[in-house]
């Protein structure tokens with residue numbers, strides 16, 4: 001049989017008809033799987049909603065000291081104002097930040113109240129969005145171990161505080177959307193012997209907990 005280059009392989013073979021019947025669906029499935037694999041690779045490169053990572057452009061610590069509290073207790077007075085920037089590097093998904101909150105921790109203990117939440121905001125494609133949380137108050141849950149750690153860090157010349165950012169992120173591209181929960185950790189190191197306010201800058205936050213909600 002003479003066959004041209006464009007002829008189907010099934011027409012150029014002399015196998016029995018039942019072999020051709022078996023080979024045809026296998027080739028069809030392989031071609032289909034190859035197409036799906038190509039689409040999945042394109043999805044991972046261009047369409048997969050990936051996490052943004054916040055960046056502390058600057059943070060000013062105006063107060064951070066121990067003070068006597070009621071009933072012979074010890075309080076920690078704090079006043080921290082970080083500028084937190086989110087950059088949506090995605091070229092497909094716009095991102096809505098829902099239930100965004102910031103909390104201040106020292107030595108693993110939460111200082112700020114649990115309701116430091118902020119209004120919802122949106123980050124468009126290839127855009128920066130900066131938030132300005134202000135964390136200030138007096139923490140009354142100061143244990144003896146925490147007061148000892150405070151004194152030790154002050155003697156060492158550095159205070160290390162942690163700002164935890166929590167947000168529910170909605171990646172939206174009409175008509176679909178994905179919702180994820182993220183938690184970010186921002187470690188800030190301030191000189192303890194500097195004149196207040198003490199300022200640090202250019203701090204990258206690490207990504208902690210994350211999971212899909214829908």
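Numbering (the UniProt record's numbering), first residue to last: 1 to 214. Here a beta-carbon is modelled for each residue, glycine too, at the ideal position from N, C-alpha and C.
In the same chain as residue 112, and ignoring 5 residues on each side of it, the C-beta atoms closer than 6 angstroms to its own belong to 103, 104 and 135, in chain order. Spatial neighbours of residue 201 in its own chain (CB-CB distance under 6 angstroms, excluding positions within 5 residues in sequence) are listed in chain order as 58. With respect to the C-alpha of residue 64, the residue from 181, 198, 120 and 167 having the closest C-alpha is 198. When DSSP states are grouped into helix, strand and coil, residue 158 belongs to the strand group.
Counting along the chain, residue 191 sits inside the beta strand (DSSP E) bounded by residues 176 to 191. Our two residues, residue 61 and residue 179, have alpha carbons roughly 34 angstroms apart in a direct line. Rounded to the nearest whole angstrom, the CA to CA distance from residue 69 to residue 149 is 18 angstroms.
Just so you know, the alpha carbons of residue 208 and residue 164 end up roughly 9 angstroms apart. The beta carbon of residue 143 sits closer than 8 angstroms to the beta carbons of 109 from its chain, once the five residues preceding and following it are set aside; these are given in chain order. Partner residues in the beta bridge of residue 82, as assigned by DSSP, are 59. Straight through space, the alpha carbons of residue 188 and residue 176 are spaced by roughly 37 angstroms.
Assigned with DSSP and collapsed to three states, residue 28 falls in helix. Straight through space, the alpha carbons of residue 18 and residue 170 are spaced by roughly 52 angstroms.
Per the C-alpha coordinates, the member of 79, 139 and 95 positioned closest to residue 121 is 95.
Selection 138, 128 and 22 evaluated against residue 87 yields 128 as nearest (Cα-Cα).
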